[in-house]
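Q:
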Amino acid sequence: MSHRPSLNVIIVNYRTVDLTLRCIASIVEQKICDPEDIIVVDNLSPDDSAERLKRELPPSIKLVLSPTNEGFGSGVNIGATNATADFLLVLNPDTYFEFDSVSRVLDYMAENQDVGLVGLDLINPDGSRQFSARRFYSALDVVARRVAQLKPLLQKHLDRHLMLDAWPREEPFDAEWVMGTGFLIPRALYKKLNGMDTRYFLYMEDVDLCARVWCYGYKVKCFPGAELVHDHQRSSASGPMTFAGRAHLKSMMLFRKRFVLPLLKPPGVPRIIKSCTGVPGLPRANAQALAESLANSRREASSTPIGQQGS
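Numbering (the working numbering), first residue to last: 64 to 374.
1. Report back the beta-carbon spacing between Asp157 and Leu82 to the nearest angstrom; my notes put them in contact at under 8 Å.
2. From Gly138 to Asp184, what distance separates their C-alpha atoms?
3. Could you pull the DSSP bridge partners for Tyr159 from this structure?
4. Can you tell which of Ser166, Val205, Val75 has its C-alpha closest to the C-alpha of Met316?
5. Mark His66 as exposed unless 16 or more other C-beta atoms lie within 10 angstroms of its C-beta, in which case mark it buried.
6. For Gly245, which residues in the same chain have their Cβ closer than 6 Å to its Cβ, ignoring the five residues on either side in sequence?
7. Would you call the CB atoms of Leu247 and Val168 closer than 9 Å?
8. Please look up how many angstroms separate the CB atoms of Phe318 and Met267, rounded, as I've assumed it's under 8 Å.
9. Per DSSP, what kind of secondary structure is Asn76 in: helix, strand or coil?
10. Pull up the CB-CB distance for Asn140 and Met226, whole angstroms please, since I reckon it's below 8 Å.
11. Within the chosen definition, does the region 187–198 reach the region 113–122 through at least 3 CB pairs nearer than 8 Å?
12. Assign Lys328 to one of three DSSP states: helix, strand, or coil.
13. Starting from the C-beta of Asp110, find all residues in its chain whose C-beta is less than 6 Å away, skip the five residues before and the five after it, and write them out in chain order.
14. Kindly indicate which three-state DSSP category Lys282 falls into: helix, strand or coil?
15. At which residues does the beta strand (DSSP E) containing Ile102 begin and terminate?
16. Answer yes or no: do Cys273 and Ile336 have a C-beta to C-beta separation smaller than 9 Å?
17. What are the start and end residues of the alpha helix (DSSP H) that includes Phe318?
18. Return the CA-CA distance between Ser298 and Gly308, expressed in angstroms with no decimal places.
19. How would you call Leu130, buried or exposed, if buried means at least 16 neighbouring beta carbons within 10 angstroms?
20. Note down the Cα distance separating Phe306 from Arg198, rounded to an integer number of angstroms.
21. Roughly how many angstroms separate the alpha carbons of Ala229 and Lys117, rounded to a whole number?
22. Just grab the DSSP bridge partners of Phe135 for me.
23. What number of angstroms, rounded off, separates the C-alpha of Pro68 from the C-alpha of Val210?
24. Checking 9 Å against the spacing of the C-beta atoms, do Ile102 and Asn132 come in under that value?
25. Would you decide whether Phe286 is buried or exposed? Buried here means 16 or more other CB atoms lie within 10 Å of its CB.
26. By the 10 Å Cβ neighbour count, where 16 or more other Cβ atoms means buried, how is Asp271 classified, buried or exposed?
27. Roughly how many angstroms separate the alpha carbons of Gly136 and Tyr263, rounded to a whole number?
28. According to DSSP, is Arg192 helix, strand or coil?
29. Thinking just about the alpha-carbon of each residue, which of Ile90, Ser112, Asp97 is nearest to the one in Asn76?
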């Protein structure tokens, strides 16, 4: 492209200064964006994060010290209000780049105006893939993830939830939702959506955001090969009686009130779109047209013999 879209990177820090500094160093080293286009929000960390960030961040990086901690989504929203670029790249602090995997995603989004959000290809430090695309939840998905004894019995169900069949083609694909660990979204669309819903203090804010992107008539994609190393601890996958487990389940119930959480069969994007009548300012015509298009595509795919389907 003759003109590369501009980019702001948003990182929300909460007691993770060393990780945040490592993430920023990789952004600068790989030339993802200029330092002055990086926005760091400290979410009222109770340790010495604010002082260290003031002292150790390059002066050109914008540091915002939030006076409150209303959750990850609120921190991202604060960062977005300080952004001026065409696109936002939202990153967890426990991520880093090994090469510039963002430029071609920016070009792809600029060339495909119907794409509203793109998740990066999250990988572990050992190079294995985390499979960061997901299908929208059913209650059975939640049980299958949290009850270890049932996982062997529901492995095919879990594989479908993780969209494992979509990755082998190694090209951008429709993802029902993507992990909020690393994603790009046009700043104008993020503003139209009123950002992340701060009612989700912990977990599910990324699922909700992706659902609203679909409801506004835009697609959510995952981009194999656009790698972002995610060196994480999955506390949300712990037992339902832990703090993280309870927080995750509480957020799921909030999502259920706004959209839908079926008992056994995942809802799919068309049903999510039809369920989101309570979203303020929702352009129903665009959303309904997209829902019908997706439903028709699904029917055509299911009626085509496997041997005749495209790769």
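Don't be surprised by glycine CBs; every beta carbon is placed ideally from N, CA and C.
A: In terms of the structure at hand:
1. By one-based count along the sequence shown, residue 157 stands at place 94. By one-based count along the sequence shown, residue 82 stands at place 19. At roughly 5 Å, the Cβ-Cβ gap stays under 8 Å, so Asp157 and Leu82 are in contact.
2. Here residue 138 refers to the residue found at position 75 of the sequence shown. Here residue 184 refers to the residue found at position 121 of the sequence shown. Approximately 23 Å, taken between the alpha carbons.
3. Position 96 of the sequence shown, counted from the start, is the residue given in the question as residue 159. The partner list for Tyr159 (beta bridge, DSSP) reads Val292.
4. Here the question's residue 316 lines up with position 253 in the sequence shown. The residue with the shortest Cα to Cα distance from Met316 is Val205.
5. Residue numbering aside, residue 66 sits at position 3 when the sequence shown is read from its first letter. Its Cβ having fewer than 16 others within 10 Å, His66 is exposed.
6. By 1-based counting over the sequence shown, the position of residue 245 is 182. Leu154, Thr158, Leu183, Leu291, listed in sequence order.
7. By one-based count along the sequence shown, residue 247 stands at place 184. By one-based count along the sequence shown, residue 168 stands at place 105. Cβ atoms of Leu247 and Val168: closer than 9 Å.
8. Translated into the one-based positions of the sequence shown, residue 318 becomes position 255. Translated into the one-based positions of the sequence shown, residue 267 becomes position 204. Confirmed, about 5 Å.
9. In the sequence shown, residue 76 corresponds to position 13, counting from 1. Here Asn76 sits in strand by DSSP.
10. Within the sequence shown, residue 140 is the residue found at index 77, counting from 1. Within the sequence shown, residue 226 is the residue found at index 163, counting from 1. About 28 Å separates the two Cβ atoms, so there is no contact after all.
11. no
12. Taking the sequence shown and counting its residues from 1, the one referred to as residue 328 is at position 265. Note: Lys328 maps to coil in three-state DSSP.
13. Against the sequence shown, residue 110 aligns to sequence position 47. These residues qualify, in order along the chain: Arg78.
14. Numbered from 1 along the sequence shown, position 219 holds the residue referred to as residue 282. In the structure shown, Lys282 sits in a strand (DSSP, three-state: E or B).
15. To locate residue 102, count along the sequence shown from 1; it is residue 39. Its beta strand (DSSP E) spans residues 101–105.
16. As a first step, residue 273 must be located in the sequence shown, where it is residue number 210. As a first step, residue 336 must be located in the sequence shown, where it is residue number 273. Not a contact, by the Cβ cut-off of 9 Å.
17. Mapped onto the sequence shown, residue 318 falls at position 255. Start and end: 306–321.
18. Numbered from 1 along the sequence shown, position 235 holds the residue referred to as residue 298. Numbered from 1 along the sequence shown, position 245 holds the residue referred to as residue 308. Summary for Ser298: the model assigns pLDDT 48, below 50, so the residue's position carries little reliability; its value from the coordinates is reported in the next sentence. Computed Cα separation, rounded: 8 Å.
19. The residue given as residue 130 occupies position 67 in the sequence shown. Sequence check: residue 130 is Pro here, not Leu. The residue in question, Pro130, is exposed, as its Cβ has fewer than 16 Cβ neighbours within 10 Å.
20. On the sequence shown, residue 306 is found 243 positions in, with the first residue counted as 1. On the sequence shown, residue 198 is found 135 positions in, with the first residue counted as 1. Cα to Cα, Phe306 sits roughly 24 Å from Arg198.
21. Position 166 of the sequence shown, counting from 1, holds the residue named residue 229. Position 54 of the sequence shown, counting from 1, holds the residue named residue 117. Computed Cα separation, rounded: 43 Å.
22. Taking the sequence shown and counting its residues from 1, one reaches residue 135 at position 72. None, per the DSSP bridge assignment.
23. Position 5 of the sequence shown, counted from the first residue, corresponds to residue 68. Position 147 of the sequence shown, counted from the first residue, corresponds to residue 210. Roughly 44 Å separates the two Cα atoms.
24. Here residue 102 is taken as the residue at index 39 of the sequence shown, counted from 1. Here residue 132 is taken as the residue at index 69 of the sequence shown, counted from 1. No, they are not a contact pair.
25. For this step, residue 286 is matched to residue 223 along the sequence shown. Classification for Phe286: buried.
26. For the purposes of this step, residue 271 is identified with residue 208 of the sequence shown, where counting begins at 1. Buried.
27. Mapped onto the sequence shown, residue 136 falls at position 73. Mapped onto the sequence shown, residue 263 falls at position 200. Rounded to the nearest angstrom, the two C-alpha atoms are 7 Å apart.
28. In the sequence shown, counting from the first residue as 1, residue 192 sits at position 129. Residue state, collapsed to three classes: strand.
29. Here residue 76 refers to the residue found at position 13 when the sequence shown is read from its first residue. Measuring from the Cα of Asn76, the nearest candidate turns out to be Ser112.
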